[in-house]
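See below for the structure under consideration.
Number of protein chains: 2
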Amino acid sequence: MKRYISWLAIACMTAAAGLAQAGEPPAGIPEGMGALPSTVPVPADNPMSAAKTELGKQLYLDPVLSKSGHISCNSCHNLGTWGVDNQARSIGHKWQRGGRNAPTSFNAAFWSAQFWDGRAPQLEDQAKGPPMNPVEMADDSEEQLITRLQAAGYTPLFEQVFGKNSLNFDNMAKAIGAFERTLITPDAPFDLYVRGEGDISAAAKRGMRKVADIGCTACHSGPLFTNNTFQQFNYGSDDGRKSVTGNADDDHYFRVQSWRNVAMTAPYFHDGAVKTLPEAVRIMAKVQLDTILSDADVVDIVAFLETLTGTPPQVTYPVFPRPAGHALNWQD
Amino acid sequence: MKRYISWLAIACMTAAAGLAQAGEPPAGIPEGMGALPSTVPVPADNPMSAAKTELGKQLYLDPVLSKSGHISCNSCHNLGTWGVDNQARSIGHKWQRGGRNAPTSFNAAFWSAQFWDGRAPQLEDQAKGPPMNPVEMADDSEEQLITRLQAAGYTPLFEQVFGKNSLNFDNMAKAIGAFERTLITPDAPFDLYVRGEGDISAAAKRGMRKVADIGCTACHSGPLFTNNTFQQFNYGSDDGRKSVTGNADDDHYFRVQSWRNVAMTAPYFHDGAVKTLPEAVRIMAKVQLDTILSDADVVDIVAFLETLTGTPPQVTYPVFPRPAGHALNWQD
Numbered sequence: 060m061k062r063y064i065s066w067l068a069i070a071c072m073t074a075a076a077g078l079a080q081a082g083e084p085p086a087g088i089p090e091g092m093g094a095l096p097s098t099v100p101v102p103a104d105n106p107m108s109a110a111k112t113e114l115g116k117q118l119y120l121d122p123v124l125s126k127s128g129h130i131s132c133n134s135c136h137n138l139g140t141w142g143v144d145n146q147a148r149s150i151g152h153k154w155q156r157g158g159r160n161a162p163t164s165f166n167a168a169f170w171s172a173q174f175w176d177g178r179a180p181q182l183e184d185q186a187k188g189p190p191m192n193p194v195e196m197a198d199d200s201e202e203q204l205i206t207r208l209q210a211a212g213y214t215p216l217f218e219q220v221f222g223k224n225s226l227n228f229d230n231m232a233k234a235i236g237a238f239e240r241t242l243i244t245p246d247a248p249f250d251l252y253v254r255g256e257g258d259i260s261a262a263a264k265r266g267m268r269k270v271a272d273i274g275c276t277a278c279h280s281g282p283l284f285t286n287n288t289f290q291q292f293n294y295g296s297d298d299g300r301k302s303v304t305g306n307a308d309d310d311h312y313f314r315v316q317s318w319r320n321v322a323m324t325a326p327y328f329h330d331g332a333v334k335t336l337p338e339a340v341r342i343m344a345k346v347q348l349d350t351i352l353s354d355a356d357v358v359d360i361v362a363f364l365e366t367l368t369g370t371p372p373q374v375t376y377p378v379f380p381r382p383a384g385h386a387l388n389w390q391d
Numbered sequence: 060m061k062r063y064i065s066w067l068a069i070a071c072m073t074a075a076a077g078l079a080q081a082g083e084p085p086a087g088i089p090e091g092m093g094a095l096p097s098t099v100p101v102p103a104d105n106p107m108s109a110a111k112t113e114l115g116k117q118l119y120l121d122p123v124l125s126k127s128g129h130i131s132c133n134s135c136h137n138l139g140t141w142g143v144d145n146q147a148r149s150i151g152h153k154w155q156r157g158g159r160n161a162p163t164s165f166n167a168a169f170w171s172a173q174f175w176d177g178r179a180p181q182l183e184d185q186a187k188g189p190p191m192n193p194v195e196m197a198d199d200s201e202e203q204l205i206t207r208l209q210a211a212g213y214t215p216l217f218e219q220v221f222g223k224n225s226l227n228f229d230n231m232a233k234a235i236g237a238f239e240r241t242l243i244t245p246d247a248p249f250d251l252y253v254r255g256e257g258d259i260s261a262a263a264k265r266g267m268r269k270v271a272d273i274g275c276t277a278c279h280s281g282p283l284f285t286n287n288t289f290q291q292f293n294y295g296s297d298d299g300r301k302s303v304t305g306n307a308d309d310d311h312y313f314r315v316q317s318w319r320n321v322a323m324t325a326p327y328f329h330d331g332a333v334k335t336l337p338e339a340v341r342i343m344a345k346v347q348l349d350t351i352l353s354d355a356d357v358v359d360i361v362a363f364l365e366t367l368t369g370t371p372p373q374v375t376y377p378v379f380p381r382p383a384g385h386a387l388n389w390q391d
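Protein sequence lines correspond, in order, to chains L and F.
In this text, residue positions in the first sequence follow my numbering: the first is 60, and each later residue adds one.
In this text, residue positions in the second sequence follow my numbering: the first is 60, and each later residue adds one.
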């Protein structure tokens, strides 16, 4: 408790200093913490362009990607709810439930692997998963999906971005990946605080120090609050990364989730079984760090995590291509 | 055929005149046809305001209106596909199908009754239907829905628009109705043509005359291409308006659908069983007017109907209120 109070004192002084000299980063920020990076990594074979992100936006929001015509990327990664659907496990084709909680698409451009088990190295690989997943969009084949995109009228939109005869599964994924690189949430209260442009509450500052002191930030480290590794989480019956690698050493290993916008992405964990952030904080401290948090500590940590809620991207709802005078052939 | 050709000649001359004198309405437009009105009727008890339409937009796009958290107004009346979902019958709660084809929300502000059977006098009444419909959003009660909106954090947004203690079912419907009054699609090629600002094809002009000559525009009349009445349509087994009034005289009566954006709202009719516009045109001419159209006439009429596709509204995707650190209680 002594150390906790001493850090609190530092945090209070820092806040006063921050208010006195706007633009000066406050002292006392735990090592590694910082504002959300202003640039995202972009793969060499998928450069960004306005036309490509616009096409990606259409594909992201258009339920034409699903066999039924009912499910879009946005169904489970809703732009209005921080890139998630706030469901424990998402509703997919014929009301089937997904196997794991839908991770947010917001800031996913920063992760070095996608999915809870990291089975996709980057956004382009991830985007190919749900269309082919029988409990999600349930397309029978890539060919079936591409034929439907052609029938909808996507061919000229692809050709404008990727050139002649370019409507294919790889380019679909590239366009979606490019759009997802725009789903970044800067300027969280914490970001303003570390840049000396705003303040956070005393409770949030206590929480900020607490997560460093007890060791959360060994994995939830840096400005992204994830070190982009896989770590064992002995909670629930899900094999995690072992189901991808077949390696017993990967049993119950999961990608370390970022804390960015974590307050807005309930429910929690890979099974979505934990409905509140305080409960998630308690469980993580106990399971990962063998630490029983006091009620006051939980309040402070949650107050800190809430300062990591950024500013969502502004997206204009697109018009989707459709053939004049013809219905598409949806299937159940 | 003579008359048809003579009108074509007039239309051609008109087009030339139109090009020569931009801004001059061309001659030869059948009586009553005109550009989409620039104002919509607004009920005295629900005046428009920017804050109200913004709230209505959130409610329209937010799946929080459904018991499952999966279905929004936009699921079946998608802003990206001209206010419809292009399904024969929409997918609702637990993948149940609706009883009739989802009518478009675009320009619905102009109709004097809502739903195929006109059971709702205006948008505000219509908006109350789907939340309570067990095959659509499936809320158990208005109270359950309002409690969920409160839990999501909608209270201050309602109070900003409607005043203290105003989060209730009536005001929810008013906000959605106000938003829907912004879903207007002006500046179709036909509108530009009648305003002397653009041209339409020779085929479209032939089709324009044809629909007047054979009598389609007795009901599909005026700038809205509907006279906002109920008419008998002896097609299919649906009772239509009789199911609302209980009156045998209303058997198989349906609201006359507007032709505005009809090319983009396939499939057709109250059962959504007709997949193409040419087929719908043929059936209507036969069933309503006892007229067998030639293939050439169908091509011309479809060309004309395609000129009624307007400019969809630009909508910025909203952020929905959600409680920090808490999941809502969705139910199946």
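Here a beta-carbon is modelled for each residue, glycine too, at the ideal position from N, C-alpha and C.
Distance cut-off 6 Å: residue i Cβ against heavy atoms of the ligand ADP
i, result
"F:A386", "With respect to small molecules bound, the structure shown includes none, and the ligand ADP cannot be examined in it."
Residue i versus the options, residue with shortest Cα-Cα distance
i, options, result
"L:V346", "L:G384, L:G295 and L:F221", "L:G295"
"L:N151", "F:H129, F:S164 and F:Q146", "Checking the sequence, you will find Gly at residue 151 of chain L rather than Asn. Ranking F:H129, F:S164 and F:Q146 by Cα distance to L:G151 puts F:H129 first."
"L:E239", "L:F169, L:Y376 and L:I259", "L:F169"
"L:A94", "L:G299, L:V333, L:T368 and L:L208", "L:T368"
"L:S200", "L:F174, L:T214 and L:N227", "L:N227"
"L:M160", "L:F328, L:D229, L:E365 and L:P122", "Checking the sequence shown, residue 160 of chain L turns out to be Asn, not Met. For the residues L:F328, L:D229, L:E365 and L:P122, the minimum Cα distance to L:N160 belongs to L:F328."
"L:D330", "L:Y119, L:A339 and L:W318", "L:A339"
"L:T370", "L:D349, L:G177 and L:P245", "L:P245"
"F:S317", "F:V99, F:V101, F:S280 and F:Q203", "F:S280"
"L:T206", "L:G87, L:A271 and L:V123", "L:V123"
"L:T304", "L:R178, L:L348 and L:T112", "L:R178"
"F:M92", "F:M267, F:A103, F:Q203 and F:A147", "F:M267"
"F:S225", "F:K111, F:N388, F:T98 and F:T276", "F:K111"
"L:Y119", "L:D176, L:P189 and L:P106", "L:P189"
"F:P215", "F:T276, F:Q203 and F:M231", "F:M231"
"L:Y376", "L:Q117, L:P89 and L:M107", "L:Q117"
"L:A247", "L:F363, L:P89, L:A86 and L:A261", "L:F363"
"L:G82", "L:D250, L:C135 and L:M107", "L:D250"
"F:M107", "F:W154, F:L204 and F:F221", "F:F221"
"L:A109", "L:S149, L:F217, L:N306 and L:G257", "L:F217"
"L:Q390", "F:S149, F:S97 and F:H136", "F:S149"
"F:C278", "F:T324, F:E256, F:M343 and F:Q219", "F:M343"
"F:T350", "F:S302, F:Q290 and F:C275", "F:C275"
"L:P96", "L:W154, L:Q209 and L:I243", "L:I243"
Inter-residue CB distance, residue i and residue j (contact presumed, cutoff 8 Å)
i, j, result
"F:V361", "F:R341", "Wrong, their Cβ atoms sit about 10 Å apart, outside the cutoff."
"F:V378", "F:L138", "Contact doesn't hold; Cβ gap of about 16 Å is too wide."
"L:K126", "L:M191", "Between L:M191 and L:K126 the Cβ distance is about 10 Å, and since that is not below 8 Å, they are no contact."
"L:S131", "L:D144", "No, L:S131 and L:D144 are not in contact; Cβ-Cβ is about 11 Å, not under 8 Å."
"L:A263", "L:T366", "5 Å"
"L:A383", "F:A322", "4 Å"
"L:V315", "L:N287", "7 Å"
"L:A386", "F:P326", "4 Å"
Contact check, residue i vs residue j, beta carbons under 7 Å
i, j, result
"F:A234", "F:G157", "no"
"L:R381", "L:A211", "yes"
"L:P180", "L:A172", "yes"
"L:G236", "L:L283", "no"
"F:W297", "F:D310", "In the sequence as displayed, the identity of residue 297 of chain F is Asp instead of Trp. Cβ atoms of F:D297 and F:D310: not closer than 7 Å."
"L:T241", "L:P372", "yes"
"L:Q253", "L:P84", "One point to set straight first is that residue 253 of chain L is Val, not Gln, in the sequence displayed. Yes, Cβ-Cβ distance for L:V253 and L:P84 is below 7 Å."
"L:W141", "L:F174", "no"
"L:L348", "L:I259", "no"
"F:D359", "F:R265", "yes"
"F:G176", "F:R300", "Residue identity check: residue 176 of chain F is Asp in the sequence provided, not Gly. Result yes, Cβ atoms of F:D176 and F:R300 sit closer than 7 Å."
- request: Mind checking the region 241 to 256 of chain L against chain F and listing, in chain order, the residues whose C-beta falls within less than 8 Å of any C-beta there?
  value: Among the residues of the region 241 to 256 of chain L, none has a Cβ less than 8 Å away from any Cβ of chain F.
field: Ranges of the alpha helix (DSSP H) found wholly within the region 336 to 370 of chain F, counting only runs of at least 4
entry: 336 to 348 and 354 to 365
query: Of all the residues that make up the region 277 to 305 of chain F, which are near chain L by a beta-carbon distance shorter than 7 Å?
result: none
- prompt: If you measure beta-carbon to beta-carbon, which residues of the region 370 to 389 of chain L are closer than 7 Å to chain F?
  reply: P371, Q373, V374, T375, Y376, P377, V378, F379, R381, A383, G384, H385, A386, L387 and W389
task: Would you mind listing the alpha helix (DSSP H) stretches within the region 260 to 291 of chain L that are 4+ residues and don't spill past its ends, in chain order?
output: Within the region 260 to 291 of chain L, the complete alpha helix (DSSP H) runs of at least 4 residues are 261 to 273.
Residues of the region 146 to 164 of chain F whose Cβ lies closer than 8 Å to any Cβ of chain L, in chain order: Q146, A147, I150, K153 and W154
- request: Report the residues of the region 113 to 131 of chain L with a CB closer than 7 Å to any CB of chain F, ordered along the chain.
  value: L120, D121, S127, G128 and H129
message: Along the region 341 to 367 of chain L, where does the CB come closer than 9 Å to a CB of chain F? Name the residues.
response: V361, L364 and E365
field: Residue ranges of each beta strand (DSSP E) within the region 151 to 230 of chain F, 3 or longer
entry: If we require 3 residues or more, the region 151 to 230 of chain F turns out to have no beta strand (DSSP E) run fully inside it.
Every unbroken beta strand (DSSP E) within the region 113 to 148 of chain L, with a cutoff of 3 residues, ordered by chain: Within the region 113 to 148 of chain L, no complete beta strand (DSSP E) run reaches 3 residues.
query: Which residues, in chain order, does the region 305 to 328 of chain F contribute to contact with chain L at a C-beta distance below 7 Å?
result: Among the residues of the region 305 to 328 of chain F, those with a Cβ less than 7 Å away from any Cβ of chain L are A322, M323, A325 and P326, in the order of the chain.
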